[in-house]
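Asker: First the structure, then my questions, so here it is.
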Amino acid sequence: MLELVGLWKRFGGVTAVADFSLTVPQGELLALLGPSGCGKTTVLRIVAGLEKPDAGRVLLGGRDATPWPPERRGVGLVFQSYALFPHLSVAGNVAYGLRGADRRKRVRQILELVGLSGYERRKPHELSAGQQQRVALARALAPAPEVLLLDEPLSALDAALRKELRGELRALLKRLGMTALYVTHDQEEALALADRVAVMREGRLEQIAPPAELYHRPQTPFVASFLGRANLWPGRVVSVDGDRAGVEVAGERIPAERGEAREGDEVLLFFRPEWAKIGEGPFTAEVESAEYLGDRWEVRARFRGLPLVLISGKWASLPGGQAIFSIERAQAIHPAL
Amino acid sequence: MGAGWALALLPLLFLGLAFFWPLLDVLRLGLERDGRLTGERVLGLLSDPYVRRLLLFTLGQAALSALLALVLGFPLGWFLTRYRFPGRTLLRSVTIVPFVLPSITVALGFVLFFGRSGYLNRFLMDLLGLREPPIRVLYTLWAVVLAHAFYNAPVVARFVNASWEGADPSLPEAARTLGAGPLRTFLTVTLPLLLPSVLSALALVFVLCTLSFSIPLALGGARYATVEVGVYLYARGVLVDFPRAAALAMVTLVLSLALTYLHLRAGGGLAVPQRGGRPVPRLPLFSRKRPIRALWLLYLLPAALVFLGPIGAIVADSFLHPAPGGAPPTLHWYRMIVSPAWNPFLESSPWGAVRTSLLVAAGATALALLLGLSVAAVLRRIRSRLLETLLMAPLAVSSVVLGLALLLAFRRPPLSALGGEWAIVVAHTLIVYPFVVRAIRPLWEGLDPALVEAARTLGAGPLRAFRTVTLPLLGRGVLAAGAFAFALSLGEMTAVAMLSGPGVMTMPMAIYSFLASRDFGAASAMATLLMAVTALVAWGWDWAGSRWLGRTRA
């Protein structure tokens, strides 16, 4: 189990990590997601002991590890650049963190696990990018770390390989029951791979939730627009009924999930493009452009001056460049303070 | 393709006339006996105990010098890479000094600082109340080794610093997360990563010390001569024996070819993946938590003394050396070196030496830029290993051999029509232009060919496109190469030693003559002037962006 309590880190005048707390239970695969420069890699390096936090604690298995040097922590780290030792063979790299007589057995075992049996004698530069990635993973896993940290491990690979490996990676980590913290800026990767996703912004934790909840019930406009496409319209809560609310947007009253909003609050009405239905319903939009994307059309339009993105599986020509649509599901979100 | 070969004609013609033909003549002279070619003379030399001693001494002192340079230079490279402290950038740029500091000034500085009545001995005798000087290194093997190490330690430091800063800092971090402590990380990851560049630096220093001339000549005396000095003694010594000089030149030619080959091999060793975008983290040097870092002072203070002492001694001596008529400090020695009066030791006037140096450097720089640019242009158009080897061949020939070849060539028509200064200009051109090529080629290859094509479609002919597009874009590189060529020519003494004569004298050779006649005040003043001019030029070179390091020695 990994616990982070109130971490702070400043570099010069820049705050990289601000009051960051997080718990990763035993066996969980947690993705730390955020745009570049949000401090997620710094959190990872603090956990590994490669940076000292200005304040806060790192607890590993319930023990305070904050003053420990990296070599004492029993934390495995897969680097973004892999950081394979160029002067050592694949076996030499994997064995680097191992002690004792059964090192060779363990190397063979772990290489088999990542599907690289027979590559023991190769040097890192003789491997493809995907194979190097597997060696980096094998090397970090070999000493059986308590927690595995992964710093954008797939970002150096091309899109197709990235998709293939992330499935494999999840299956492997789950099979080993590994507690893992996975840093990425790719929202699709985070959703596909993790048990829970923590979204970071400017050094702070924005929201932490399982992927589906994060996508369907974002709590902030940033999370809403960072994970997928979002329509966000400014409005006001005019009526409340249980967990439902009526939000007035541009003179129109639209029903929505209430969330934390109360009557009279200035909110943002949030809905994903696929939550609206084109071709039926009470609202009319002025279509500005429509792009054909194979399996769907993406329609950009305006609704009383507000920008609108819609998805449609079929396309019928619209008289006068207008489209009628309905909003099947929407949600009220408090604007960022 | 035809245009490329036409372009190749000019440099090939120049090299043929001024390099290949004179060099072949040396070979002929070394091999010919009674009108037929034979290897007898060379083999005879190799069985001569004196020549064997020369060879043994040359290689032995080079190996010792390289090792000592490593011992002195590695900590400096480490220090520059890992710590932050005020003056770090300045210290780093000071390590460029040996690349341009004329070696004869190093020799002079050693005599003045470490000599029997040098500054260090006088200071220690005063301090300890001794009657005899405690340090006696001059005219021994150790004087040569120490001066070479002093001269080359910064080279090692630069190599270590550059490769350490180029290495991905994630690698030692990865070792730490895998359970290795700081010591094990250093020994099993950092050190192996630095090994190729350390070996490459060692090889370079070994080559430089093997072919070194001024330092063994001035500090070793006739007893501790290297092969290069041997060639000089046969060609310009008391008993002139050109065939013997030519035969020994062949021996050193083979030696330098072999070493150049080995050095190039060592340089192309293990490829280290370069940097993950993050710079190497630097630790504060002064830290309350880690007072142990203050131990660096145990290295830094003596190192500063050894590095700065000799140079400081020269500058100090140029003002403080006792002069006739008046107590120091004095400007007497500066007045002397700008004097136009004939000096029998120099076989020239001191001011004449200054003038000749500047004129020769200007001429050699202009010729080297012309030659270097055309060679770079040819090698860009024609990819041929043979042509490249031919066009860069002077790089593998030591300055003594080059000097001998030109000495013989300029005694005969057609070159004998030119004055003695021209021999030096040609020699310096040949020594310097390979560095011009090396500096300009990567810049030129990096230029987008579409730029010249755009100029051509806009109506510019090939010459106008070169003048208005290529040359301005190479501008800083050409400027830097020119400044470097100028500094190198100013400090070059080896070829000059072979080619100087009555009225044909340069500043480094004048320093050597003053030193040999134990005229230390004049030598110091001349050396201070030379260092000042060189420093000015080197500053211009550094400013114009030093992008390369190579086999460079005055």
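Going down the list, the sequences are from chains A and B.
According to the numbering used here, the stretch in the first sequence is residues 507 to 843, in order.
According to the numbering used here, the stretch in the second sequence is residues -11 to 542, in order.
C-beta: ideal position from N, C-alpha, C; glycine also.
Remember, it's a predicted structure, so these values are computed and weren't measured experimentally.
Using 7 Å as the limit for Cβ to Cβ distance, is F728 of chain A near chain B?
Answerer: no
Asker: At the level of alpha carbons, what is the spacing between V143 of chain B and L379 of chain B?
Answerer: Their Cα atoms are separated by approximately 27 Å.
Asker: Identify every run of the beta strand (DSSP E) within the region 729 to 767 of chain A, keeping only runs that are complete inside it and at least 3 residues long; order them along the chain.
Answerer: 737 to 747, 750 to 755, 758 to 763
Asker: With distances taken from CA atoms, which of A:A589, A:V689, A:H593 is nearest L166 of chain B?
Answerer: A:A589
Asker: What residues in its chain sit with their C-beta under 8 Å from that of F73 of chain B, if we drop five residues either side in the sequence?
Answerer: P272, L273, F274
Asker: Using a Cβ cut-off of 9 Å, pull out every chain B residue sitting near H691 of chain A, in sequence order please.
Answerer: Within chain B, no residue has its CB atom less than 9 Å from the CB of H691 of chain A, the nearest being about 15 Å off.
Asker: Do the region 27 to 44 of chain B and the region 116 to 124 of chain B touch if we need at least three Cβ pairs shorter than 8 Å?
Answerer: In short, these stretches do not touch, since the Cβ pair count stays below three.
Asker: Could you check the C-alpha separation between F789 of chain A and A767 of chain A for me, to the nearest Å?
Answerer: Between F789 of chain A and A767 of chain A, the C-alpha separation is close to 24 Å.
Asker: Confirm, please, whether the CB-CB distance from A526 of chain B to T93 of chain B is below 7 Å.
Answerer: no
Asker: Is V228 of chain B helix, strand or coil when you go by DSSP?
Answerer: Correct three-state label for V228 of chain B: coil.
Asker: Please say whether K515 of chain A and D560 of chain A have beta carbons closer to each other than 7 Å?
Answerer: yes
Asker: Using only CA atoms, which one of B:A473, B:L79, B:L89, B:A213 lies nearest to V133 of chain B?
Answerer: B:A213
Asker: On the DSSP letters alone, give me the boundaries of the beta strand (DSSP E) that M495 of chain B sits inside.
Answerer: Element bounds for M495 of chain B: not the beta strand (DSSP E) but the alpha helix (DSSP H), 495 to 504.
Asker: For the beta strand (DSSP E) that contains A354 of chain B, what are its first and last residues?
Answerer: No beta strand (DSSP E) holds A354 of chain B; the alpha helix (DSSP H) holding it covers 338 to 369.
Asker: Any beta-carbon of chain B closer than 7 Å to the one on F732 of chain A?
Answerer: Chain B contact via Cβ: absent.
Asker: Find the residues of chain B that neighbour P649 of chain A, judging by a C-beta separation of less than 7 Å, and give them in chain order.
Answerer: By Cβ distance, chain B contributes L166, G167.
Asker: Verify whether the separation of the beta carbon atoms of I833 of chain A and A782 of chain A is less than 7 Å.
Answerer: yes
Asker: Report yes or no: do the region 604 to 618 of chain A and the region 192 to 209 of chain B share at least 3 C-beta pairs separated by less than 8 Å?
Answerer: no
Asker: Count the other CB atoms within 10 Å of the CB of A162 of chain B; is the residue buried (16 or more) or exposed (fewer)?
Answerer: buried
Asker: Using the C-alpha atoms, what's the distance from E509 of chain A back to G169 of chain B?
Answerer: 24 Å
Asker: Please classify S488 of chain B: is it buried, with 16 or more other beta-carbons within 10 angstroms of its beta-carbon, or exposed?
Answerer: buried
Asker: Identify the contact partners of P180 of chain B in chain A, using a Cβ-Cβ distance below 7 Å as the criterion.
Answerer: H593
Asker: Identify, in the order they occur along the chain, each residue of the same chain with its Cβ nearer than 6 Å to the Cβ of R146 of chain B, setting aside the five sequence neighbours on each side.
Answerer: T83
Asker: How far does the beta strand (DSSP E) with I839 of chain A in it reach, from first residue to last?
Answerer: Per DSSP, I839 of chain A is one residue of the beta strand (DSSP E) stretching across 837 to 839.
Asker: Using 7 Å as the limit for Cβ to Cβ distance, is Y625 of chain A near chain B?
Answerer: no
Asker: So is P90 of chain B buried or exposed if we call it buried at 16+ other beta carbons inside 10 Å?
Answerer: buried
Asker: Interface residues of chain B around R645 of chain A at Cβ under 9 Å?
Answerer: A162, L166
Asker: Let me check understanding here. Comparing Cα to Cα, which of A:R802, A:D801, A:Y798, A:G827 lies closest to F809 of chain A?
Answerer: Measuring from the Cα of F809 of chain A, the nearest candidate turns out to be A:G827.
Asker: Between Y107 of chain B and G509 of chain B, what straight-line distance do the alpha-carbon atoms span, to the nearest angstrom?
Answerer: Rounded to whole angstroms, Y107 of chain B to G509 of chain B spans 14 Å at the Cα level.
Asker: For Y602 of chain A, return the contacting residues in chain B, with the cut-off set at a CB-CB distance below 9 Å.
Answerer: Per Cβ cutoff of 9 Å: A162, A163, L166, G167, A168, T176, V177.
Asker: Of the residues B:A411, B:L100, B:S185, which one's Cα is nearest the Cα of G348 of chain B?
Answerer: According to the sequence provided, residue 348 of chain B is Val. The question's Gly does not apply to it. Checked all of B:A411, B:L100, B:S185; the closest Cα to V348 of chain B is B:A411.
Asker: Out of A:E712, A:A762, A:V511, state which residue places its alpha-carbon closest to the alpha-carbon of L565 of chain A.
Answerer: For the residues A:E712, A:A762, A:V511, the minimum Cα distance to L565 of chain A belongs to A:V511.
Asker: Counting Cβ pairs, one atom from each stretch, are 3 or more of them under 8 Å apart for the region 386 to 397 of chain B and the region 323 to 337 of chain B?
Answerer: no
Asker: Could you check whether the Cβ of S587 of chain A sits closer than 7 Å to any Cβ belonging to chain B?
Answerer: yes
Asker: Using a Cβ distance threshold of 8 Å, determine whether the region 620 to 635 of chain A contacts the region 578 to 586 of chain A, with at least three qualifying pairs required.
Answerer: Under the Cβ criterion (8 Å, minimum of three pairs), the region 620 to 635 of chain A does not count as touching the region 578 to 586 of chain A.
Asker: To the nearest angstrom, how far is the alpha carbon of E534 of chain A from that of L687 of chain A?
Answerer: 8 Å
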